[in-house]
């Protein structure tokens, strides 16, 4: 354990931090705080990725292992087993995954990419890795097919050729099916790319090849020629066999299906147009949209299933994408919410030559995964157990809480279980492969996501899994506009007026406070009982930025009646919604109007989060309210505080009153370090947006003012994501989506926004001898101000007497906007804010009980009395540029660290690790850093990821025990850890994808079939495609790349049976590899010996008849 001494710090810190850290001597130089955290306690690594795979492009299913694989357009691979078993991998090239093929029950997967490479993934390890890759140089890959229990992969190309790859060693066979040989003289033109390859289920020696132009060829592999050619004058999209191998089915670009008898190539046995209107005069039905895929599945007991996507008639404009299930005479059209990317029918058998017995269809949509139960009437869907609904509405903010109270998750789950939809299939989820990891982390973790539609989701994130617990819809608080004209034009955003911007949550008291994009704040209490609220409690607050003498700082601290500074109507006010009359002044300037109208009808609130109070900022003299930039709540004090670029307001949510409403400048009083030009009162202001731009304010600020884009960040942080709205221009990142940001940049620069709050019992002035409740306020210009809170005693008096708040005059300065504050006690342990334990708000009104509960106000641990009173606490303050540790009450800065010179910090959190506390920072240049506390020694600095997207900046958050997360795509959460312990235990915590399972028995051929030569014909592919017969393929055609997951990757395979198998396999592989190398070397030596003997023989022949003097 290392002791840190201020004197040592002064003598010279370590080389790393001496350039940027400095310590100033406090009053007591020998102040010893033991710091336990060292740099070896930190390591950064990704843990898991949750959510729906972003921009999916392909899918495959292993029917024996019961594992689903999904590939995406950016080269990602997501594997799903039973709920809780999922895995993410990435192809280095980032090219789109065009096709996936499992080596069924082998624990391996082949992926084909748009950059014409194919890869073999080893799934027998917890983190799958690539064993081999093959990159085609001259031809583009369009389709792959790997027959069940075969090691030869057929690869079709854009030129119409088919190459054959040995998947064991990823070498090309010399056997090639050339397009011109396949079609010969049946067509005068090129048949187009290969769109389908599959072998006849009853005869492996016959291969069906579908060309895009409409030609299908049945190729005999042994005789190397085409048996039959089938031509149809519409382009082919997909082909599928009947399991008996006598018929196959094609889907075409005109919305037709053709069924062909193998031995009748002249014309189709049947032509079906599933969605075409049949004309009466016997003509062809009118064409429909292309049928992109069809599957033909047989059942023992009844009619076969034909399942297809696409094929709707062209007159169904505005119809949603559909999956059609044709079974016997019935046709079911199942509408989907998003376009269909791919679908797969799950069948009871992996053998293509047996009755398929389909039981479910997995449909991969652009933004969802749906599984349909084929065995139940009405084809109900299965309830999806994976956390794929993160993006149901775009995520606008995110918070992460590790080590929560243990009763929270059950309480949220119980409230959420009542919200579940009905009508799902009764069966078990069919994707059930793999095994769970052994979770060693036992603490509860909760993620809260805020969304663009005003909804908030609570997720159980314990032990690297994710499961939705509860969903809260904040939009229910407001009136819905019935039609476009009815909508009052007081909005400050063009769309998503309910979007969540900031969440403040107290896990112990379960008080939730949210700030929305329309300058509204809602406070919620958690209850296990349903209530109906007749009238929602509403406060309207007028936060303005004026330097004239409209209001005095002290005049409205506890307003009993509405004043210009703060109107505190406890009854819901009802401003008229008609735009022309929604202003309080006669000349049409909008004033005292909120952006949204709170509902006036009773609100039924089910168990879970229930509205306690709604606070709305109102328009001031034609200027819309500025969006809220910071928010804080404290359950012990019963206070909520919020700020924006105009100022801050403190609200007592128990008494439903505004306690303080101050412009930022008035907070300083006479201590204001900035010279600001007063702004003229707006007498004749136009209500239009353009009228907001003629503000001529000086922006002279002090020298060390940070030049980072803080002011812009205020509107940035609040902007809505554009990722799921393709019609917006992505480049502008929607930083200025709101009308409120039409203020000029000069105005923005000089406006000082409130960026951070912290409630704490601490020393508020240098002369204090005891701690008192206070609110610490951080601003965008790097100032920290302190407000003293004088609370009445708990119990009845708290309900009646006012809370008195007064600025203390304390002022601390840093470079850059203040991001985070925290407090340590004299031993260096974190001082959490005071909180009140949760109690049921709708409990029966037993007065004595209530009093007892109210008096029990647990406040954070007070500093030990044995310490000298002079330096009892430390304030940790982190800004965009630097961190400082201030000793209290003396207010001396004892440690200072410049975090970044060239960039700025986006997120900072003071976090509790298993053996100490630290300050964790994420910078805009992609660096993740941790600093020790209180001495601010750098412990970790990793260049993790450059900030490519504002989404990451908006959602990145650190939490206790070395956990962090961010939205890596609009649909996925990436979790990372910066704790060495978690990195070491990660292998154990991850689930296993591969589990040893017996392959089902092959179907019985039956006596007569065996006798008369029916049943499946097998083929010795080794004999046909092996090097001895087929020869070697051209070297320039494709290049073999050994994968990083070869020998090294497999060493990380899991423990247990699979691990033992894997280790045995590694040993064999290593031995095989060495033997292979030895064989190659021997062959090379033999070749060189051969060539030497040949040369020697040639020389001997040349010289045989020469005399000695002729040499």
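Residue numbers (our numbering): 279 to 1389. Just so it is clear, CB atoms sit at the ideal spot from N, CA and C, and this is done for glycine as well. Quick caveat, the model's predicted, so the values are computed rather than measured.
Considering residue 1112, what are the terminal residues of the beta strand (DSSP E) in which it resides? Taken as a continuous stretch (DSSP letters only), residue 1112 belongs to no beta strand (DSSP E), as it is neither H nor E.
Quick check on this structure: which residue in 453, 1098, 942 has the alpha carbon closest to the alpha carbon of residue 1029? 942
With DSSP as the reference, label residue 1325 as helix, strand or coil. Annotation note: pLDDT 44 at residue 1325 (below 50); position unreliable, coordinate value reported separately. In the structure shown, residue 1325 sits in a helix (DSSP, three-state: H, G or I).
Which whole-angstrom value describes the C-beta separation of residue 499 and residue 486, a residue pair presumed to lie in contact below a C-beta threshold of 8 Å? About 11 Å separates the two Cβ atoms, so there is no contact after all.
Only counting runs of 4 or more residues, tell me where the alpha helix (DSSP H) segments fall wholly within the segment 420-493, in order along the chain. 457-461
Which of the three DSSP states, helix, strand or coil, is assigned to residue 384? coil
Near residue 1060, which residues of its chain fall below 7 Å by C-beta distance, leaving aside the five closest residues on each side in sequence? 984, 1091, 1092, 1093, 1094, 1095, 1096, 1157
Within 10 Å of its beta-carbon, does residue 1078 have 16 or more other beta-carbons around it, so buried, or fewer, so exposed? exposed
Excluding the five sequence neighbours on either side, which residues of its own chain have a C-beta within less than 8 Å of the C-beta of residue 917, listed in chain order? 911, 928, 929, 930, 931, 937, 1037, 1053, 1067, 1081
So, residue 908 versus residue 1034, is the Cβ gap smaller than 7 Å? yes
Have a look at residue 371 and residue 353 and give me their C-alpha separation to the nearest angstrom. 7 Å
Entirely enclosed beta strand (DSSP E) segments - the segment 859-919, minimum 3 residues: 881-883, 886-895, 908-912
Please determine if the segment 452-470 and the segment 421-429 are in contact, where contact requires at least 3 C-beta pairs separated by less than 8 Å. no
Span separating the alpha-carbon of residue 863 from that of residue 797: The predicted position of residue 863 is uncertain, since its pLDDT is 45 and thus under 50; no value can be drawn from it.
Using beta-carbon positions only, say whether residue 724 and residue 781 come within less than 7 Å of one another. no
Does DSSP classify residue 1261 as helix, strand or coil? helix
Using C-beta distances below 8 Å, list every residue in its chain close to residue 1235, excluding the 5 sequence neighbours before and after it, in chain order. 676, 677, 678, 1185, 1187, 1242, 1243, 1244
Given residue 1111 as reference, the closest of 366, 1304, 325, 1049 once Cα atoms are compared: 1049
Beta-carbon proximity list for residue 1191, same chain, < 8 Å, skipping 5 on both sides: 315, 319, 1238, 1239, 1240, 1257
Identify, in the order they occur along the chain, each residue of the same chain with its Cβ nearer than 7 Å to the Cβ of residue 683, setting aside the five sequence neighbours on each side. 785, 786
For residue 423, I'd like the list of residues in its chain whose CB is within less than 7 Å of its CB, leaving aside the five on either flank, ordered along the chain. 432, 475, 476
CA-CA distance, residue 419 and residue 478? 22 Å
Cβ-based burial, residue 532 [other Cβ within 10 Å; buried from 16]: buried
Can you name, in chain order, every residue of its own chain whose Cβ lies under 8 Å from the Cβ of residue 729, other than the five neighbours on each side? 670, 671, 672, 673, 674, 735, 777, 778
Taking 6 Å as the cut-off, is the C-beta of residue 1239 nearer than that to any heavy atom in the ligand FMN? Questions concerning the ligand FMN fall outside what the structure shown contains, since it holds no ligand whatsoever.
Quick check on the DSSP output: the alpha helix (DSSP H) that includes residue 1228 runs from which residue to which? 1228-1233
Report yes if the CB atom of residue 1272 is closer than 7 Å to the CB atom of residue 355, and no otherwise. no
Pull the bridge partners of residue 1187 from the DSSP assignment, please. 1198
Who are the near neighbours of residue 696 in its chain, counting only those whose CB is closer than 7 Å to its CB and skipping five residues on each side? 884, 885
According to the neighbour-count rule (16 or more other Cβ atoms, all chains shown, within 10 Å of its Cβ), is residue 1378 buried or exposed? exposed
Tell me the residue span of the beta strand (DSSP E) that contains residue 579. No beta strand (DSSP E) holds residue 579; DSSP gives it neither H nor E.
Assigned exposure category for residue 544 - 16 Cβ within 10 Å defines buried: exposed
Using the C-alpha atoms, what's the distance from residue 1305 back to residue 1368? 22 Å
Straight-line Cα distance separating residue 1218 from residue 575: 57 Å
Do residue 628 and residue 341 have their C-beta atoms closer together than 7 Å? yes
Taking 8 Å as the cut-off, does the segment 1307-1318 touch the segment 436-456 (at least 3 CB pairs, one atom from each stretch)? yes
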